[in-house]
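Q: Here you go, one structure.
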Amino acid sequence: DGGDNGGGGNIIDGRFDGAFLGGLSVSRGPWRIDADGLWAAVGGDRAQNPKLTVDVDVIYVHATGGRKIYKDLYVTAGVRRYALTYDIKLGDRPNFRRKPGVWDPLIGLGWHHAGEKLEVHATFDGGGFGVGADVDIAAALRLDWKPVKHFGLTAGYNVLYLKASDTVVEKTFTFTQTLHGPILGIGFYF
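The following block contains the structure:
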């Protein structure tokens, strides 16, 4: 019995199956490479009729290479990958599984000032160009404080805007997403 809400019900068994977030930056002379990625797996079950099971994997990868053009200013090019893998089981029906995602080419600018104890990083890149997403724009500001030689703390803020289209069963769905939030972490410097 779905009750008055059209078969809806509460997810009573939510799951966080795991996550990984990491990044790497390498610079030498006028060249710089930055890469970061995220994988997270979540899900939930509803035991009420109709029984529902949902599992979702989220994948995000961002990599850019840059060349210094003036003092601490870099011009960059790279790629960003977004993907979801979802597996939905409703009652006795067959599983519904898809993996929509986009690969977006990017161009941008980066400002990277590296001091002995403090580094400042500001980036802006955009892309998509209809190859993956229609529009893909991101900006970030990050401070790295290195109180000791090979260890530091990082904090900042990141904003990401995405507009993309997907065609399913001959219907085009357009979605927009704005994500933003703080960046906190630890760093190892060599």
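Numbering-wise, the working numbering puts 143 at position 130 of the sequence shown, and it's gapless, one number per residue. Backbone N, C-alpha and C define an ideal beta-carbon position, used for all residues, glycine too.
Would you tell me roughly how many angstroms separate the C-alpha atoms of residue 142 and residue 150, rounded to the nearest one?
A: Cα-Cα distance, rounded: 11 Å.
Q: Does the stretch 93–109 come close enough to the stretch 62–79 that 3 or more CB-CB pairs lie under 8 Å?
A: Output reads yes: the stretch 93–109 touches the stretch 62–79.
Q: When DSSP labels each residue in this structure, what does residue 84 get in the three-state scheme?
A: Three-state DSSP puts residue 84 in coil, outside helix and strand.
Q: Please name the residue in 178, 98, 84 and 60 whose C-alpha comes closest to that of residue 52.
A: Looking at the Cα atoms, 98 is the closest of the given residues.
Q: Label residue 129 either buried or exposed according to how many other C-beta atoms from any shown protein chain fall within 10 Å of its C-beta, with 16 as the threshold for buried.
A: The residue is exposed, with fewer than 16 neighbouring Cβ atoms inside 10 Å.
Q: Keeping to the same chain, check which residues put their C-beta closer than 6 Å to that of residue 190; ignore five residues upstream and five downstream.
A: For residue 190, where only same-chain residues beyond five positions count, the Cβ hits under 6 Å are 175.
Q: In terms of alpha-carbon separation, which member of 50, 26 and 28 lies closest to residue 34?
A: It is 50.
Q: Cβ of residue 155 within 8 Å of Cβ of residue 196?
A: Yes. Within cutoff.
Q: Which residue from 166, 84, 115 and 107 puts its Cα closest to that of residue 42?
A: Residue 42 has its Cα closest to that of 84, out of 166, 84, 115 and 107.
Q: Comparing C-alpha positions only, which one of 186, 152 and 119 sits nearest to residue 134?
A: Nearest C-alpha to residue 134: 152.
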